[in-house]
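Encoded as structure tokens, the structure appears first; notes follow it.
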Amino acid sequence: MRVHLRPQHRTVEMRGPRRVGALLTDLGILPGTAMVIRGDLLLTDADVVEEGDEVEIRAVISGGAA
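Numbering (the working numbering), first residue to last: 263 to 328.
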């Protein structure tokens, strides 16, 4: 699978299938601190990413009220 990491602008190749939660952990990302997107779908930690899939991982950023 091809994994695009944002905002790092880095792409890595990983073997599948694996659950989203395991994918994040393998990349050193804490589940809950990133969104995993396949096409137009937001994936949950329990969803499985298959060999040949392409996903994007975006950091969750929150800002305070001004």
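All residues carry an ideal CB built from backbone N, CA and C; glycine is no exception.
Should residue i go down as buried or exposed, given a rule of 16 or more other Cβ atoms within 10 Å for buried?
i: LEU305; result: buried
What residues are listed by DSSP as bridge partners for residue i?
i: ARG264; result: GLU275 and GLU316
i: ALA321; result: ALA296
i: LEU303; result: ARG300
i: VAL311; result: ARG280
Quick check: the Cα distance between residue i and residue j, rounded to an integer number of angstroms?
i: ALA284; j: GLY325; result: 27 Å
i: GLU312; j: ILE291; result: 19 Å
i: GLY314; j: HIS271; result: 20 Å
Would you please state the rounded distance, in angstroms, between the beta carbons of residue i and residue j? I believe it to be under 8 Å.
i: MET263; j: GLU318; result: Contact doesn't hold; Cβ gap of about 11 Å is too wide.
i: ARG300; j: ARG268; result: So it is not a contact: roughly 14 Å between Cβ atoms.
i: PRO293; j: ASP309; result: No, PRO293 and ASP309 are not in contact; Cβ-Cβ is about 12 Å, not under 8 Å.
Smallest Cα separation from residue i: which of the options?
i: ASP288; options: ASP302, VAL265 and VAL322; result: VAL265
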